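**Q** Pasting in a structure now, in structure tokens, and then I'll have a few things to ask.
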Amino acid sequence: MRGLVAKAAIPAGEVIGQYLGNMDLFGPPSKNGPINDGYRMHLRTRSTGNKFVGIDALDAGGNLRFMNHACNPSARFHEVQTGQRLTVVVVTIRDVYPGEEVTVSYGNKLWFVCRCGWSGCQHRHLQQLPQDSESA
Numbered sequence: 001m002r003g004l005v006a007k008a009a010i011p012a013g014e015v016i017g018q019y020l021g022n023m024d025l026f027g028p029p030s031k032n033g034p035i036n037d038g039y040r041m042h043l044r045t046r047s048t049g050n051k052f053v054g055i056d057a058l059d060a061g062g063n064l065r066f067m068n069h070a071c072n073p074s075a076r077f078h079e080v081q082t083g084q085r086l087t088v089v090v091v092t093i094r095d096v097y098p099g100e101e102v103t104v105s106y107g108n109k110l111w112f113v114c115r116c117g118w119s120g121c122q123h124r125h126l127q128q129l130p131q132d133s134e135s136a
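To convert, note that position 98 of the sequence shown is 98 in the UniProt record's numbering; the numbers rise steadily by one, no gaps.
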């Protein structure tokens, strides 16, 4: 499992970096499907017209693209717009300890089985179901 692990203590409220990648324009997200998928993040900011702005970090991006999802995350994405410039940063929402994985919530519509392990998991309906022994 790829993930991002803290080498040193990180206090709550710390900006730990910028989510980098290629800026792209996308059509409106599906109402029933996931908004984000893989390393692509749709932003709240829209371009002119009916296009959505997104960051695709699949082929270009920093280490923050390796943060895993958790329903009880240690950090969150934050869009910052200054004039024409748009940046997405990651901010810790609680203290993170050395050796602890830095996680974020990928949102309400996941495109994978949630394995966060938290007792209050918000995506229990996406948990992997036991396989039928006859179909295995």
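Using N, Cα and C, we set each Cβ at its ideal position, and we do this for glycine too.
All values derive from a computational prediction rather than experimental measurement.
Tell me, which residues are paired with N50 by DSSP?
**A** None, per the DSSP bridge assignment.
**Q** State the start and end residues of the unbroken beta strand (DSSP E) segment that holds L86.
**A** 85-92
**Q** Output needed for A12: all residues of its chain with C-beta closer than 7 Å, excluding positions within five of it in sequence on either side, in chain order.
**A** T92, I93, R94, D95
**Q** Which of the three DSSP states, helix, strand or coil, is assigned to P64?
**A** The question names Pro, yet the displayed sequence has Leu at residue 64. L64: helix per DSSP, three-state reduction.
**Q** Does the beta-carbon of R85 have 16 or more other beta-carbons within 10 angstroms, so that it is buried, or is it exposed?
**A** exposed
**Q** Identify the residues that DSSP records as bridge partners of L25: which are they?
**A** Answer is V53, bridged to L25.
**Q** Residue 144: which of N50, P73, A8, G54 sits nearest, CA to CA?
**A** No answer is possible for residue 144: the residues shown for the chain start at 1 and end at 136.
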